[in-house]
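Trainee: Quick mapping for you: the protein sequence lines, in order, are chains A and B.
Numbering of the first sequence is given in my numbering, commencing with residue 4 and proceeding in unit increments.
Numbering of the second sequence is given in my numbering, commencing with residue 567 and proceeding in unit increments.
Mind looking over this structure? Questions follow.
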Amino acid sequence: PHLRTFTDSFQTCKVQGAWPLIDNNYLNVQVTNTPVLPGSLATATTKLTIIFKSFQECVDQKVYQAEMDELPAAFADGSKNGGDKHGANSLKITEKVSGQHIEIQAKYIGTTIVVRQVGRYLTFAVRMPEEVVNAVEDRDNQGLYLCLRGCPLNQQIDFHTFRSGQATEGRARRKGSSLVPFPEFFTYETAMAKCREKLPVEDLYFQSCVFDLLTTGDVNFTLAAYYAFEDVKMLHSNKDKLHLYERTRELGPGNAAPSG
Amino acid sequence: CKILKCNSEFWAATSGSHHLGTEEAPEFCTALRTYAHCTRRTARTCRGDLAYHSAVHGIDDLMVQHNCSKDGPTSQPRLRTLPPGDSQERSDSPEICHYEKSFHKHSAPPNYTHCGLFGD
Chain A
4 PHLRTFTDSF
14 QTCKVQGAWP
24 LIDNNYLNVQ
34 VTNTPVLPGS
44 LATATTKLTI
54 IFKSFQECVD
64 QKVYQAEMDE
74 LPAAFADGSK
84 NGGDKHGANS
94 LKITEKVSGQ
104 HIEIQAKYIG
114 TTIVVRQVGR
124 YLTFAVRMPE
134 EVVNAVEDRD
144 NQGLYLCLRG
154 CPLNQQIDFH
164 TFRSGQATEG
174 RARRKGSSLV
184 PFPEFFTYET
194 AMAKCREKLP
204 VEDLYFQSCV
214 FDLLTTGDVN
224 FTLAAYYAFE
234 DVKMLHSNKD
244 KLHLYERTRE
254 LGPGNAAPSG
Chain B
567 CKILKCNSEF
577 WAATSGSHHL
587 GTEEAPEFCT
597 ALRTYAHCTR
607 RTARTCRGDL
617 AYHSAVHGID
627 DLMVQHNCSK
637 DGPTSQPRLR
647 TLPPGDSQER
657 SDSPEICHYE
667 KSFHKHSAPP
677 NYTHCGLFGD
């Protein structure tokens, strides 16, 4: 999936299987990503588990779990708030659109979480105070914490490399090769046109949309990128940083954008 | 069936307390009545569940052992921690449970950050 970290870095990662998105003293979020097509490097989120650790006289420990085609409007124990403690209402789950969009307000840690199901996959967004983000046991050898440290280098996918690969694979596909048929086939141009309908600014959300249409042929990913940007607009505190752009590269002969 | 929740609440309420004498210890009986009340709430969904039935029998035995009456207060009045400062202020939950309020007291408003994951 595409990841925007707490430090506003933007990456496209494989991270197939279960990975810790957030792992601090108050909250654990784990995502499970699966290939969008058999054998594809591109993965998307099919399961998400959020653990709110118990906190003073505010909340008991609460677990929220969402899977593909199952976006519950309650915690795993059936409750919708922090339990029986005095400050239990400082943790609340709200269903915005049944089966498509829920929000979790964790006032005791100043945190807001948005979970959506768009098409067949899940998206996640969070707003969290810096102090809470960095509240980890041992900062030095803090393990994987994707929202804070991004994906390991060997898990990152580079749009450019992909695009040049796509150009060749695209040609192969047109010749009716044995590649898995896509629900819909997009060329780079038609993918851009489709994404521009929802994302007029050609920033990294736009590029993610193009990447997703080229890798899956599934137009739902246009909406995934669109809602991801809607969530940024709602949750990000610096309105000047909503759009992110790729660092420009020196386009030398070896780097010219692939034809087609 | 949420019988385990009743069990954990009872142990939490009674663990760590000094050894209870043979005379009826009011707080122990209160905890037992709360426990019994909790198991009654789960009766419908726990019927047939061994943990539930053993809890119900266990409560009866302990009630007899500690000479507890079935009627009486079922839970300690919640300790109301009023926020420091204006004690007239009504708080629907302790100050500690409102990050922004408690953070605000000490310094400038907190610095928020965002993280998002989407697509493929």
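Each residue gets a CB set at the ideal place from its N, CA and C atoms; glycine is no exception.
(1) Taking its Cβ as the centre, do 16 or more other Cβ atoms sit within 10 Å of A609/B, making it buried, or is it exposed?
(2) At a CB-CB cut-off below 9 Å, which residues of chain B make contact with E133/A?
(3) Count the other C-beta atoms from every protein chain shown that fall within 10 angstroms of the C-beta of N677/B, then say buried if there are 16 or more, exposed otherwise.
(4) Anyone know if the C-beta pair for C150/A and T8/A falls short of 8 Å?
(5) With 8 Å as the threshold, decide whether the Cβ of F3/A is near any Cβ in chain B.
(6) Tell me the DSSP bridge mates of H5/A?
(7) Less than 8 Å separating the beta-carbons of A602/B and A579/B?
(8) Which residues, taken in chain order from the segment 602–625 of chain B, show a beta carbon closer than 7 Å to some beta carbon of chain A?
(9) Of all the CB atoms in chain A, is at least one closer than 8 Å to the CB of I662/B?
(10) Determine the chain A residues that contact F684/B at a beta-carbon separation under 7 Å, and present them in chain order.
(11) Quick one: is I569/B near chain A, going by C-beta distance under 8 Å?
(12) Could you check whether the Cβ of A175/A sits closer than 8 Å to any Cβ belonging to chain B?
(13) Consult DSSP for P592/B and reduce its assignment to one of helix, strand or coil.
(14) For E666/B, which residues in chain A fall below 8 Å Cβ to Cβ?
(15) Check whether the Cβ atoms of L683/B and F209/A sit closer than 8 Å, and answer yes or no.
(16) Is the segment 114–129 of chain A touching the segment 58–75 of chain A in the sense that three or more CB pairs, one from each, lie closer than 8 Å?
(17) On the three-state DSSP scale, how would you describe Y678/B?
(18) Take the Cβ of W22/A as the centre, count every other Cβ of all protein chains shown within 10 Å, and call the residue buried at 16 or more, exposed below.
(19) Within 10 Å of its beta-carbon, does K244/A have 16 or more other beta-carbons around it, so buried, or fewer, so exposed?
(20) Could you tell me the distance, in whole angstroms, from the CA atom of Q120/A to the CA atom of F78/A?
(21) Distance, Cα to Cα, T611/B vs V100/A?
(22) Strictly under 8 Å for the Cβ-Cβ distance: is L74/A near chain B by that measure?
(23) Just to make sure I have the definition right: I need the residues of chain B whose C-beta is within less than 7 Å of the C-beta of T219/A. Which are they?
(24) Return the first residue and the last residue of the alpha helix (DSSP H) that H619/B is part of.
(25) From the DSSP output, in three-state form, read off L149/A for me.
(26) In whole angstroms, what is the alpha-carbon distance linking E666/B and S93/A?
(27) Can you pull out the residues from the segment 39–56 of chain A whose beta carbon lies closer than 7 Å to at least one beta carbon of chain B?
(28) Do A45/A and T218/A come within 8 Å of each other at the CB atom, strictly closer than that value?
(29) Do A91/A and V62/A have their CB atoms nearer than 8 Å?
(30) Pull up the distance between the alpha-carbon of H239/A and that of F232/A, whole angstroms please.
(31) Using a Cβ-Cβ distance cut-off of 8 Å, determine whether N27/A contacts chain C.
(32) Out of curiosity, what's the CA-to-CA distance linking I54/A and E192/A?
(33) Taking the alpha helix (DSSP H) that F127/A belongs to, which residues open and close that run?
(34) Of all the options K50/A, P203/A, R250/A, N28/A, which has the alpha carbon lying nearest to the alpha carbon of A228/A?
(35) How should Y111/A be labelled, buried or exposed, when 16 other C-beta atoms within 10 angstroms of its C-beta is the threshold for buried?
(36) Can you confirm whether S635/B, when its beta carbon is compared against all beta carbons of chain A, has any partner nearer than 8 Å?
Mentor: Taking the definition as stated:
(1) The sequence position of residue 609/B within the second sequence is 43, counting from 1. Counting other Cβ atoms within 10 Å of its Cβ, A609/B stays below 16 and is therefore classed as exposed.
(2) Looking up residue 133/A in the first sequence gives position 130. E133/A reaches chain B at P676, N677, Y678, T679, counting residues in chain order whose Cβ is nearer than 9 Å.
(3) Position 111 of the second sequence, counting from 1, holds the residue named residue 677/B. Answer is exposed; the Cβ neighbour count stays below 16.
(4) Here residue 150/A is taken as the residue at index 147 of the first sequence, counted from 1. Here residue 8/A is taken as the residue at index 5 of the first sequence, counted from 1. In this structure, T8/A lies closer than 8 Å to C150/A by Cβ.
(5) Because chain A is modelled from 4 through 263, residue 3/A falls outside the range shown and cannot be assessed.
(6) Along the first sequence, read from residue 1 onward, the residue named residue 5/A stands at position 2. Paired residues: T15/A, F684/B.
(7) Here the question's residue 602/B lines up with position 36 in the second sequence. Here the question's residue 579/B lines up with position 13 in the second sequence. No, the pair does not count as a contact, with Cβ atoms beyond the cut-off.
(8) Residues of the segment 602–625 of chain B with a C-beta atom less than 7 Å from some C-beta of chain A do not occur.
(9) Position 96 of the second sequence holds residue 662/B. Answer yes: the Cβ-Cβ gap between I662/B and chain A drops below 8 Å somewhere.
(10) Taking the first residue of the second sequence as position 1, residue 684/B is located at position 118. Residues of chain A passing the Cβ test: P4, H5, T126, A227, A228, A231.
(11) What you label residue 569/B is simply residue 3 of the second sequence in a count that begins at 1. With respect to chain A, the C-beta atom of I569/B has no partner C-beta closer than 8 Å.
(12) Taking the first sequence and counting its residues from 1, one reaches residue 175/A at position 172. Only weak support exists for where A175/A lies, its pLDDT of 42 falling under 50; the value from the coordinates is given anyway. It does not; no Cβ of chain B falls within 8 Å.
(13) On the second sequence, position 26 is the one that residue 592/B refers to. It is helical.
(14) Numbered from its first residue, the second sequence carries residue 666/B at position 100. Scanning chain A for C-beta atoms nearer than 8 Å to the C-beta of E666/B yields K110, G113, reported in chain order.
(15) Counting from 1 along the second sequence, the entry for residue 683/B is found at position 117. Counting from 1 along the first sequence, the entry for residue 209/A is found at position 206. No, they are not a contact pair.
(16) The segment 58–75 of chain A makes contact with the segment 114–129 of chain A; the number of CB pairs closer than 8 Å reaches 3 or more.
(17) Start at 1 with the first residue of the second sequence, and residue 678/B comes out as number 112. Strand, per DSSP.
(18) Walking along the first sequence from the start, residue 22/A turns up at place 19. W22/A is buried by the Cβ-count criterion.
(19) Numbered from its first residue, the first sequence carries residue 244/A at position 241. By the Cβ neighbour-count rule, K244/A is exposed, with fewer than 16 other Cβ atoms within 10 Å of its own.
(20) As a position in the first sequence, residue 120/A is number 117, starting the count at 1. As a position in the first sequence, residue 78/A is number 75, starting the count at 1. Distance from the CA atom of Q120/A to the CA atom of F78/A, rounded to whole angstroms, is 17 Å.
(21) Here the question's residue 611/B lines up with position 45 in the second sequence. Here the question's residue 100/A lines up with position 97 in the first sequence. Near 29 Å, if we compare the C-alpha coordinates of V100/A and T611/B.
(22) Position 71 of the first sequence, counted from the first residue, corresponds to residue 74/A. Judged by the 8 Å Cβ criterion, L74/A is not in contact with chain B.
(23) Residue numbering aside, residue 219/A sits at position 216 when the first sequence is read from its first letter. Near T219/A (Cβ distances below 7 Å), the residues of chain B are D686.
(24) Here residue 619/B is taken as the residue at index 53 of the second sequence, counted from 1. First-last of the alpha helix (DSSP H) with H619/B: 616–631.
(25) Here the question's residue 149/A lines up with position 146 in the first sequence. DSSP places L149/A in helix when its eight states are reduced to three.
(26) The residue labelled residue 666/B in the question sits at position 100 within the second sequence. The residue labelled residue 93/A in the question sits at position 90 within the first sequence. Taking the Cα positions, E666/B is about 11 Å away from S93/A.
(27) With the criterion set as a beta carbon lying under 7 Å from some beta carbon of chain B, the members of the segment 39–56 of chain A are V39, A45, T46, A47, T48, in sequence order.
(28) For the purposes of this step, residue 218/A is taken as the residue at position 215 of the first sequence. For the purposes of this step, residue 45/A is taken as the residue at position 42 of the first sequence. Going by C-beta atoms, T218/A is nearer than 8 Å to A45/A.
(29) Along the first sequence, one-based indexing puts residue 91/A at 88. Along the first sequence, one-based indexing puts residue 62/A at 59. A contact, by the Cβ cut-off of 8 Å.
(30) By 1-based counting over the first sequence, the position of residue 239/A is 236. By 1-based counting over the first sequence, the position of residue 232/A is 229. Distance between the alpha carbons of H239/A and F232/A: 10 Å.
(31) Checking the listed chains, one finds no chain C in this structure; the protein chains it contains are A and B.
(32) The residue labelled residue 54/A in the question sits at position 51 within the first sequence. The residue labelled residue 192/A in the question sits at position 189 within the first sequence. Cα atoms of I54/A and E192/A: separation of roughly 42 Å, rounded to the nearest angstrom.
(33) Here residue 127/A is taken as the residue at index 124 of the first sequence, counted from 1. Segment 124–132 is the beta strand (DSSP E) holding F127/A; no alpha helix (DSSP H) there.
(34) If you number the first sequence from 1, residue 228/A lands on position 225. With distances taken between Cα atoms, A228/A lies closest to P203/A.
(35) Stepping through the first sequence from its first residue, residue 111/A is reached at position 108. By the neighbour-count rule (16 or more Cβ atoms within 10 Å), Y111/A is buried.
(36) The residue given as residue 635/B occupies position 69 in the second sequence. It does not: the Cβ of S635/B has no partner Cβ on chain A nearer than 8 Å.
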